[in-house]
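Beneath this line is the structure, given in structure tokens, with notes to follow.
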Amino acid sequence: MAARVNEGAEVLTHVIEQLSAEFGDRVDRATIRRIATQEVALFENAKVRTHVQVIAWRLARARLSARLGSQGTPEALAG
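Here the sequence shown stands for residues 4 to 82, numbered as in this note's numbering.
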């Protein structure tokens, strides 16, 4: 159980780092963390965890991209 918690924390950290590198100049860190946490949490009980990091990153990235594209301003992402 502890190994899964550590692995989940590592996955979340990597996803946040990747998203921050891409969106950090347009989206506040708290929003990136919130969205990444939500997407990683979807796979909390996944039996096969091989691609959790990349899938969670892609889902979070799609959400951030869509919100930036449809709402226009980074301030709109805070909600």
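We treat Cβ as the ideally placed atom computed from N, Cα and C, and that holds for glycine.
For residue i, I'd like the list of residues in its chain whose CB is within less than 6 angstroms of its CB, leaving aside the five on either flank, ordered along the chain.
i, result
"residue 46", "55"
"residue 59", "18, 42, 43"
Quick one: using the 10 Å Cβ neighbour count with 16 as the cut-off for buried, is residue i buried or exposed?
i, result
"residue 51", "exposed"
"residue 49", "exposed"
"residue 65", "exposed"
"residue 39", "buried"
Suppose the cutoff is 7 angstroms on Cβ atoms and the five residues either side in sequence are ignored; what does the same chain contact list for residue i look like?
i, result
"residue 23", "32, 35"
"residue 63", "18, 22, 38, 39, 42"
"residue 14", "43, 55, 56, 59"
At which residue ranges does the segment 11-53 contain complete alpha helix (DSSP H) runs of 4 or more residues, listed in the order of the chain?
32-44
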